[in-house]
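Before any comments, here is the structure.
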Amino acid sequence: MSGSTATVRTTYRDALREALRDALARDERVFLMGEDVGRYGGTYAVSKGLLAEFGEERVRDTPLSESGFVGAGIGAALNGMLPIVEVMTCNFSLLALDQIVNNAATLRHMSGGQFGVPVVIRMATGAGRQLAAQHSHSFEGWYAHVPGIRILTPATLEDARGMLWTALMDPDPVIIFENALLYNLEGELAAGAGPVDIDKAAVRRSGEALTLVTYGGSLGKTLAAADVLAEQGIAAEVIDLRTLRPLDMPTVLTSLAKTHRMVIVDEGWKSGSLSAEIMARVMEEAFYDLDAPVARVCGVEVPIPYPKHLEDAAIPQVAGIVEAALRTLSHHV
Amino acid sequence: MNDAADRVGLLREMLRIRRFEEKCAELYSAGKIRGFLHLYIGEEAVATGVMQSLLPEDAVLATYREHGHALARGIPATAVMAEMYGKYEGCSRGRGGSMHIFDARTRFYGGNAIVGGGLPLAAGFGLADRMMRRPRVTACFFGEGAVAEGEFHEALNLASLWQLPVLFLCENNLYAMGTALPRSEANTDLCEKARSYRMPAQPVDGMDVEAVMAATKRAVSEVRAGGGPQFLEYRTYRFRAHSMFDPELYRDKQEVEEWKKRCPIAGYVARLEAAGILDGQQLAALEAGVAKEIAAAVAYAEAGSWEPVEQLTRDVCAAGAA
Numbered sequence: 035m036s037g038s039t040a041t042v043r044t045t046y047r048d049a050l051r052e053a054l055r056d057a058l059a060r061d062e063r064v065f066l067m068g069e070d071v072g073r074y075g076g077t078y079a080v081s082k083g084l085l086a087e088f089g090e091e092r093v094r095d096t097p098l099s100e101s102g103f104v105g106a107g108i109g110a111a112l113n114g115m116l117p118i119v120e121v122m123t124c125n126f127s128l129l130a131l132d133q134i135v136n137n138a139a140t141l142r143h144m145s146g147g148q149f150g151v152p153v154v155i156r157m158a159t160g161a162g163r164q165l166a167a168q169h170s171h172s173f174e175g176w177y178a179h180v181p182g183i184r185i186l187t188p189a190t191l192e193d194a195r196g197m198l199w200t201a202l203m204d205p206d207p208v209i210i211f212e213n214a215l216l217y218n219l220e221g222e223l224a225a226g227a228g229p230v231d232i233d234k235a236a237v238r239r240s241g242e243a244l245t246l247v248t249y250g251g252s253l254g255k256t257l258a259a260a261d262v263l264a265e266q267g268i269a270a271e272v273i274d275l276r277t278l279r280p281l282d283m284p285t286v287l288t289s290l291a292k293t294h295r296m297v298i299v300d301e302g303w304k305s306g307s308l309s310a311e312i313m314a315r316v317m318e319e320a321f322y323d324l325d326a327p328v329a330r331v332c333g334v335e336v337p338i339p340y341p342k343h344l345e346d347a348a349i350p351q352v353a354g355i356v357e358a359a360l361r362t363l364s365h366h367v
Numbered sequence: 348m349n350d351a352a353d354r355v356g357l358l359r360e361m362l363r364i365r366r367f368e369e370k371c372a373e374l375y376s377a378g379k380i381r382g383f384l385h386l387y388i389g390e391e392a393v394a395t396g397v398m399q400s401l402l403p404e405d406a407v408l409a410t411y412r413e414h415g416h417a418l419a420r421g422i423p424a425t426a427v428m429a430e431m432y433g434k435y436e437g438c439s440r441g442r443g444g445s446m447h448i449f450d451a452r453t454r455f456y457g458g459n460a461i462v463g464g465g466l467p468l469a470a471g472f473g474l475a476d477r478m479m480r481r482p483r484v485t486a487c488f489f490g491e492g493a494v495a496e497g498e499f500h501e502a503l504n505l506a507s508l509w510q511l512p513v514l515f516l517c518e519n520n521l522y523a524m525g526t527a528l529p530r531s532e533a534n535t536d537l538c539e540k541a542r543s544y545r546m547p548a549q550p551v552d553g554m555d556v557e558a559v560m561a562a563t564k565r566a567v568s569e570v571r572a573g574g575g576p577q578f579l580e581y582r583t584y585r586f587r588a589h590s591m592f593d594p595e596l597y598r599d600k601q602e603v604e605e606w607k608k609r610c611p612i613a614g615y616v617a618r619l620e621a622a623g624i625l626d627g628q629q630l631a632a633l634e635a636g637v638a639k640e641i642a643a644a645v646a647y648a649e650a651g652s653w654e655p656v657e658q659l660t661r662d663v664c665a666a667g668a669a
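Quick mapping for you: the protein sequence lines, in order, are chains G and W. First residue of the first sequence: 35, per our numbering; consecutive thereafter. First residue of the second sequence: 348, per our numbering; consecutive thereafter.
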């Protein structure tokens, strides 16, 4: 068991890079392709250094042709490769929506199970960097609407390091949403950290008073809100969904059966959001477990604005999560 | 193309497609085939000539007007017809229908009903083959309407930039549904568009199966040898309506009649007869053989089963529904 407790200090960005390096080293079918992944080193410096290590064939800069290179990734996957396609931000991925939704997500079913598309598409998501309305949105909930693709939202160093390889081994298309505010997240990671499961939600903090359900960039804020609640003697359980499609509802419902109260934190717009889906499933599957209406803390329904104070007001923050939790707890049965 | 048997074989392939499509039209009227049905009648020389030029390990991507390509590529008429019906025995298990024919055995990757949607995939196929050093070619069919899509330009640029072994095969039948080429393109010279991406491009008489085959074979061998992608524009014409719902308000009957005089099948029959390698009796025998095959395909489809509803969500993902 030596080494099992050894850790290294790292960042989310470095953990992602280590995952890429590991995947490229493990299997010759793996290659990375996208805008500025090579010479530039990646828009968020995730792929920095990989070009020198693996060469231009396998760390491939593309033109600004999202539909073209995402489609090429899908085609290469159909033809025996394990491509990792990076799209700079999820707003840009809308230019490739045809390829993702009409091809990647449909081909297995439409071909009667003859063809699979083992492509992994990575993209940055989320607000908080004052980049305004064309670089800051959260579309993971949209993509989670589509059958045939798996949606991952790594929120921890372990998941940043571990989700990629498991995603590549999935015979179907996987989209990994990296919240751009997480790239600088720093912490300790097990020295031997490797692949992790991509099926299960994780209980990030245990508690009995209420359940806070979240994912991605909102996990840190939700854990911070749980700290604030703990100071008031309230033990909140925090669930990190990790995978938005397929949803691990058993983990969510097990927690609810214990706490009977729930707040969902989702940076996406409230209408038609992932939080709405979870709420609906709670209504369908666990209505009688509830001691209070499920509450939501979501993105305000505006295009994300540029000024810091307005941007902050547009997405979930710790104070709002605490407030929603207290409101939920104030309902008496 | 001197061997008499080969030439009669080309005629037979075109006849198979023509009779299959005529039968589909009939079955559509009878309510056996539903959804959209796009017939290839008039364009048979293109798929026939191209498929003769490819190897089994090559990949084919086609459009929603792809019954002819599927048959010419070697997917049995039984499986294609069962797919028309939506039967479980169809080549896509009935899930795709007319517009979405797939077949792993012949490396036939659809059947794509998004105009231009197959072109980026083709670039990816070529990229995979190039990276794995496989001497394969990917043949990607699309209509002239696709050149207006961004995906056309993105895919041609990628393929040329990376020198990928892809054949971009444009079937120019002059109308994107009902929109004539000059009404949608500022530059109607399609080869010039391809050449602007620094790839060889050549117009081909798409009504002449031997011309199609000669031009395609040459292009295939150059692409396979590592010469990078090529573009071929087959000038052809669809004799029937765009789909079964099309009243054809956008083109003159006279124009259709003029093109019918260039029918790839009638023209080839005349040529083979003039060359003394086909007579009326042989043609009748060919027709009888094809009729028998089509009848067997229809019988197969009729006898086919419906996929059990319990399997509705099977193969959404490899492990089941997600």
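Every residue, glycine too, gets a C-beta built ideally from N, C-alpha and C. Only a predicted model underlies this, so the values are computations on that prediction, with no experimental measurement involved.
Proximal chain W residues relative to residue i, where beta-carbon distance stays under 9 Å
i               : result
Q351 of chain G : The premise fails here: Q351 of chain G is roughly 32 Å from chain W at the closest Cβ pair, so nothing lies under 9 Å.
F173 of chain G : Simply none; closest approach about 19 Å.
M115 of chain G : G471, L474, A475, M478 and M479
F65 of chain G  : L474 and M478
Listed by chain order, chain G residues near residue i by CB distance under 8 Å
i               : result
V663 of chain W : R142, H143, P181 and G182
Supposed contact pair residue j and residue i - C-beta distance, whole angstroms, cut 8 Å
i               : j               : result
D206 of chain G : I183 of chain G : 7 Å
E465 of chain W : C438 of chain W : Correcting the residue identity first, residue 465 of chain W is Gly in this sequence and not Glu. Going by Cβ atoms, the distance from G465 of chain W to C438 of chain W rounds to 17 Å, so no, they are not a contact pair.
H169 of chain G : V663 of chain W : Contact flag wrong, Cβ pair sits at about 32 Å.
A320 of chain G : L278 of chain G : So it is not a contact: roughly 19 Å between Cβ atoms.
L198 of chain G : A59 of chain G  : Not quite, the Cβ-Cβ distance comes to about 12 Å (not below 8 Å), so this is no contact.
G490 of chain W : E518 of chain W : 5 Å
L246 of chain G : V272 of chain G : 5 Å
Spatial neighbours of residue i in its chain, beta-carbon cut-off 7 Å, leaving aside the 5 residues before and after
i               : result
P550 of chain W : C538, E580 and R582
R303 of chain W : As displayed, chain W neither begins before 348 nor continues past 669, which places residue 303 of chain W out of reach and without an answer.
R195 of chain G : A49, E52, A53, L223 and A227
K607 of chain W : F586
As assigned by DSSP and simplified to three states, the class of residue i
i               : result
C538 of chain W : helix
E120 of chain G : strand
I134 of chain G : helix
T39 of chain G  : coil
G89 of chain G  : coil
P482 of chain W : coil
Y544 of chain W : coil
M317 of chain G : helix
P284 of chain G : helix
Q628 of chain W : helix
P550 of chain W : strand
N213 of chain G : strand
N519 of chain W : strand
V494 of chain W : helix
A668 of chain W : Its pLDDT being 47, under 50, A668 of chain W is placed unreliably by the model, and the measurement read from it follows with that caveat. Residue state, collapsed to three classes: coil.
G458 of chain W : coil
Same chain, Cβ closer than 6 Å to residue i, five either side skipped, listed in chain order
i               : result
G72 of chain G  : L85, V93 and D95
R609 of chain W : M554
A419 of chain W : E360, A394, T395 and M398
A158 of chain G : T123, E212 and A214
L253 of chain G : A189 and D274
G463 of chain W : A493, E496, E498 and F499
P467 of chain W : E498 and A502
V104 of chain G : V119, A130 and Q133
Interface partners of residue i on chain W, CB under 8 Å
i               : result
M296 of chain G : Neighbours of M296 of chain G on chain W: none; closest Cβ ~23 Å, over 8 Å.
Within chain G, the residues that residue i reaches when beta carbons sit closer than 7 Å
i               : result
E501 of chain W : S99, S101 and G102
G328 of chain W : The shown model of chain W, from 348 to 669, leaves out residue 328 of chain W, and the question about it has no answer.
G651 of chain W : Those within 7 Å of G651 of chain W in chain G number zero; the least Cβ separation is about 13 Å.
Cutoff 8 Å; reference residue i; Cβ partners in own chain excluding five residues on either side
i               : result
Q164 of chain G : Y340, P341, K342 and E345
Chain-ordered neighbours of residue i on chain W, where CB pairs are closer than 7 Å
i               : result
N136 of chain G : I461 and G464
G150 of chain G : A665
G107 of chain G : G471
Within chain G, partners of residue i - CB distance below 9 Å
i               : result
E413 of chain W : Ordered by position in chain G, no residue passes the 9 Å Cβ test against E413 of chain W, which lies about 13 Å from the chain.
Validate contact between the region 356 to 363 of chain G and the region 334 to 347 of chain G using beta carbons, cut 8 Å, 3 pairs: no
The region 169 to 179 of chain G / the region 259 to 266 of chain G touching (three or more Cβ pairs under 8 Å): no
Given 8 Å, three or more beta-carbon pairs between the region 355 to 369 of chain W and the region 632 to 641 of chain W: yes
Sufficient close CB pairs (3 or more, under 8 Å) joining the region 445 to 457 of chain W to the region 75 to 84 of chain G: no
Cβ contact check for the region 99 to 117 of chain G and the region 131 to 139 of chain G: 3 or more pairs under 8 Å: yes
Three CB pairs or more closer than 8 Å across the region 326 to 334 of chain G and the region 297 to 306 of chain G: yes
Contact between the region 401 to 409 of chain W and the region 620 to 640 of chain W (3+ Cβ pairs under 8 Å): no
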